[in-house]
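From first to last, the protein sequence lines stand for chains A and B. Its first residue numbered 0, the first sequence is counted upward by one per residue in numbering that gives the first Met the number 0. Its first residue numbered 0, the second sequence is counted upward by one per residue in numbering that gives the first Met the number 0. C-beta atoms are modelled at their ideal positions from N, C-alpha and C, and glycine is treated no differently. Here the structure is a predicted model, which means the values were calculated and not measured. Right, one structure below, let's go through it.
There are 2 protein chains.
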Amino acid sequence: MFIAMNRFKVIKGEEKAFEKVWLSRDTHLESVPGFIEFHLLRGPEQDDHTLYSSHSVWTNQAAFTAWTQSEAFRAAHRTAGDNKPLYLGHPQFEGFEVLQTVHGAARSARPAAE
Amino acid sequence: MFIAMNRFKVIKGEEKAFEKVWLSRDTHLESVPGFIEFHLLRGPEQDDHTLYSSHSVWTNQAAFTAWTQSEAFRAAHRTAGDNKPLYLGHPQFEGFEVLQTVHGAARSARPAAE
């Protein structure tokens, strides 16, 4: 498995606006080959920003790379430039290979969507 | 859901030793209340280190906090001080609240363990 993360330093006071952009978008992801799961994550608050991370899980890195070159990717990012700046600088991309997975008993209790 | 991450800057040349410590340990996690899933992730290489991230998923932040105060946590971390330094500085902790989850068609094809 491969996990692609983008870290966003969201400007203080713009958190709700940033979340609204993400939560109201059409992800165009559901039917993309090799796409497993997406999470939008809100992280710790810092002095001048709140850290957010978008976090997508893929069967492998090749599936992620193919998506970034697809029409579905362009469609999902088409409106991104229309918003006023909500975060500092550029998002920081980090890709991770999954080396080990351990499942817990609470896994079966995980809701299908939230 | 809540995701707890620790970021490790692993010294160049110590990657295999670092992975061995993690992959050979007893996690003591499977039966911890509220524990959903753990991943060990290998991230991008930088000039003087390779980024790794340990990444555990919980039903909520309270379940994670309770685990850090438990005997299972102490047992899992008891031997951590016996190893020679494999990473630069201290691990950097970041906790994230899951705001949105999108599931893909490839999810059902995900192996139970890898």
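Range of the contiguous beta strand (DSSP E) that encloses residue i
i, result
"Arg6(B)", "Phe1 to Ile10"
"Val101(B)", "Tyr86 to His102"
"Glu44(A)", "Phe34 to Glu44"
Chain B contact residues for residue i, given Cβ-Cβ distances below 7 Å
i, result
"Trp21(A)", "Gln99"
"Ser30(A)", "Ala104"
Pick from the options that is closest to residue i, judged by C-alpha positions
i, options, result
"Leu28(A)", "Ala75(A), Leu40(A) and His102(A)", "Ala75(A)"
"Gly88(A)", "Val9(A), Arg41(A), Ile2(A) and Glu14(A)", "Val9(A)"
"Glu93(B)", "Arg77(A), Gly42(A) and Arg24(A)", "Gly42(A)"
"Glu96(B)", "Glu44(A), Gly12(A), Val20(A) and Met0(A)", "Glu44(A)"
"Val101(B)", "Leu40(A), Lys11(A) and Thr100(A)", "Leu40(A)"
"Met0(A)", "Asp25(A), Gln91(A), Phe63(A) and Leu85(A)", "Phe63(A)"
"His121(B)", "Leu85(B), Tyr86(B) and Ile2(B)", "Outside the displayed span of chain B (0 to 113) sits residue 121(B), for which this structure offers no information."
"Lys123(A)", "Ser23(A), Asp25(A) and Asp47(A)", "Since the first and last residues shown for chain A are 0 and 113, residue 123(A) lies out of range."
"Gln91(A)", "Arg73(A), Leu50(A), Lys83(A) and Ala65(A)", "Leu50(A)"
"Ala71(A)", "Asp25(A), Trp57(A) and His54(A)", "Asp25(A)"
"Thr58(A)", "Pro32(A), Ala16(A), Glu14(A) and Glu18(A)", "Pro32(A)"
Continuous alpha helix (DSSP H) stretch holding residue i: start and end
i, result
"His76(B)", "Glu70 to His76"
"Thr58(A)", "Counting along the chain, Thr58(A) falls outside any alpha helix (DSSP H), and DSSP gives it neither H nor E."
"Lys15(A)", "Glu14 to Leu22"
Distance between beta carbons of residue j and residue i, contact taken as under 8 Å
i, j, result
"Ala105(A)", "Phe7(B)", "About 25 Å; that fails the 8 Å criterion."
"Met4(B)", "Ser52(B)", "5 Å"
"Leu22(B)", "Gln99(A)", "6 Å"
"Glu36(B)", "Val56(B)", "4 Å"
Where residue i meets chain B, residues with beta-carbon distance less than 9 Å
i, result
"Arg41(A)", "Phe95, Glu96, Val97 and Leu98"
"Ile10(A)", "The contacting residues do not exist; Ile10(A) stays about 17 Å from chain B at best."
"Thr64(A)", "The premise fails here: Thr64(A) is roughly 14 Å from chain B at the closest Cβ pair, so nothing lies under 9 Å."
Strand pairing of residue i, partner residues [DSSP]
i, result
"His27(A)", "None; His27(A) has no bridge partner."
"Thr49(A)", "Val9(A) and Glu44(A)"
Neighbour list for residue i in chain A, Cβ cutoff strictly below 9 Å
i, result
"Leu50(B)", "Glu93 and Phe95"
Chain A contact residues for residue i, given Cβ-Cβ distances below 8 Å
i, result
"Glu18(B)", "Leu98"
Contacts that residue i makes with chain B (C-beta to C-beta distance below 8 Å)
i, result
"Glu36(A)", "Thr100, Val101, His102, Gly103 and Arg106"
"Thr67(A)", "Those do not exist, as Thr67(A) stays about 15 Å from chain B at its closest Cβ, beyond 8 Å."
Proximal residues of chain A, C-beta to C-beta of residue i below 7 Å
i, result
"Gly33(B)", "Ala105"
Residue i CB to nearest heavy atom of the ligand FMN below 7 Å
i, result
"Ala62(B)", "Absence of the ligand FMN is noted for the structure shown, with no ligands found whatsoever."
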